[in-house]
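Comments concern the structure below.
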Amino acid sequence: MEYQVSARKHRPMTFAEVTGQTHVVRTLTNALASGRTAHAYLFSGMRGVGKTTMARILAKALNCEKGPTPTPCLACVSCREIGAGMSFDVMEIDGASSNSVDDVREMRETVKTAPAHGRYRV
Numbered sequence: 001m002e003y004q005v006s007a008r009k010h011r012p013m014t015f016a017e018v019t020g021q022t023h024v025v026r027t028l029t030n031a032l033a034s035g036r037t038a039h040a041y042l043f044s045g046m047r048g049v050g051k052t053t054m055a056r057i058l059a060k061a062l063n064c065e066k067g068p069t070p071t072p073c074l075a076c077v078s079c080r081e082i083g084a085g086m087s088f089d090v091m092e093i094d095g096a097s098s099n100s101v102d103d104v105r106e107m108r109e110t111v112k113t114a115p116a117h118g119r120y121r122v
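First residue of the sequence shown? That's 1 in my numbering, and the numbers climb one at a time after it.
Next up, the structure:
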């Protein structure tokens, strides 16, 4: 049995499992259900409020084989790759350490490419 930090072990995998962010969950699930997602979302807030978690769930919801859907299946290739942090179509940025001009230039070049496997680059 592999040791895992409690915050990672109990991290929500779907919008339904998220607590304390009902306004964000409602906004994102309504956008997905209506097929009217924005071209960009910016998650901000204090450490530990769920920015990365919400972004990962949104990435799964957008690229799920059932979707885009407010309820990703968590079983398809895209959902599993995103959950494992191995998706070519998802780029996670740590704003605290990736804040130089060169970092922004690199990100701009990366987002120009089409998705490798999923529907969207996130």
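Virtual Cβ for every residue (Gly too), placed ideally from N, Cα, C.
Where does K112 sit, in a helix, a strand or coil, going by DSSP?
K112 falls in the coil class under three-state DSSP.
What would DSSP say about V24, mapped onto helix, strand or coil?
Residue state, collapsed to three classes: helix.
Under a three-way DSSP split, which group does T71 fall into?
Under the three-state reduction of DSSP, T71 is assigned to coil, being neither helix nor strand.
Any idea what DSSP makes of E17, helix, strand or coil?
Looking at E17 - three-state DSSP - the assignment turns out to be helix.
Got a sec, what are the start and stop residues for the alpha helix (DSSP H) G83 sits in?
Residues 77-83.
Pick out whichever of R36, S44, C64 has its Cα sitting closest to the Cα of V90.
With distances taken between Cα atoms, V90 lies closest to C64.
What is the rounded straight-line gap between the Cα of L126 and the Cα of Q21?
Outside the shown range of the chain (1 to 122) lies residue 126, about which nothing can therefore be said.
Use the C-beta contact count for E81: other C-beta atoms within 10 angstroms, 16 or more gives buried, fewer gives exposed.
For E81, the number of other beta carbons within 10 angstroms of its own is at least 16, and it is reported as buried.
Who are the Cβ neighbours of T19 in its own chain at under 8 Å, not counting the five residues just before and after it?
Counting only Cβ-Cβ distances below 8 Å, and skipping sequence neighbours, we find P12.
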